[in-house]
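S.K.:
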Amino acid sequence: MRGEAFVAEVGRRTGLPEREAAAVVRATLLTLAQRVPGATASRLAAEVEPGFARYLRGTPGAAPEEFDICEFIDRVSTYSGLGTPESTYGARVVFELLHGVVDAQTLVEVRAALSCDLHVFLDAGKPARGTD
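So the mapping is simple: the numbering used here equals the position in the sequence shown, first residue as 1, plus 5.
Here you go:
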């Protein structure tokens with residue numbers, strides 16, 4: 006999915022205008038890059054639209070920051086300029102759409118790098134068992 010289509014789909018699903026949808030995509034990817042190891046962020050960056058990849062460029066060998074889902078949402082809200090409800094739902098939608106553009110093995114690696122409370126974002130977009 007191209008960048009414009011990705012942002013448009015985030016907007017459609019969240020009800021956010023295009024500018025706010027783009028902001029929540031950027032904020033979610035920036036926050037994710039801070040939360041996972043640099044090598045994982047770089048692998049993820051290699052699989053997304055080049056315009057989004059810049060938000061995921063990790064520093065090779067960089068240790069991830071340790072923070073929970075509340076801090077994740079707070080950072081998305083701060084970076085996007087959106088309220089907590091919009092940031093929470095927007096981040097969930099971004100993670101859901103990543104399932105359609107990122108290799109399953111990369112998502113397994115991302116999931117392994119996240120604390121259990123953050124798994125809800127990745128699990129939200131995963132197909133139910135038996136529907137693959």
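Just so it is clear, CB atoms sit at the ideal spot from N, CA and C, and this is done for glycine as well.
Figure out for me which residue from G8, F11, V15, E9 has the closest Cα to the Cα of E91.
M.R.: Nearest of G8, F11, V15, E9 to E91, Cα basis: V15.
S.K.: Nearest-angstrom Cα distance between Y84 and E52?
M.R.: Taking the straight line joining both Cα atoms gives about 23 angstroms.
S.K.: Taking 8 angstroms as the threshold (C-beta atoms), are G20 and G56 in contact?
M.R.: No, they are not a contact pair.
S.K.: Determine the burial state of V27: buried for a count of at least 16 other Cβ atoms within 10 Å of its Cβ, exposed for fewer.
M.R.: In the sequence under discussion, the amino acid at residue 27 is Ala, which differs from the Val named in the question. It counts as buried.
S.K.: Which residue marks the beginning of the alpha helix (DSSP H) containing H104, and which one marks its end?
M.R.: First-last for H104: undefined, no H or E at that position.
S.K.: Identify, in the order they occur along the chain, each residue of the same chain with its Cβ nearer than 6 angstroms to the Cβ of T36, setting aside the five sequence neighbours on each side.
M.R.: Counting only Cβ-Cβ distances below 6 angstroms, and skipping sequence neighbours, we find F77, R80, V81.
S.K.: Can you tell me whether S120 is helix, strand or coil according to DSSP?
M.R.: Reduced to three states, the DSSP call for S120 is coil.
S.K.: Let me know the secondary structure DSSP gives A26 once reduced to three states.
M.R.: In the structure shown, A26 sits in a helix (DSSP, three-state: H, G or I).
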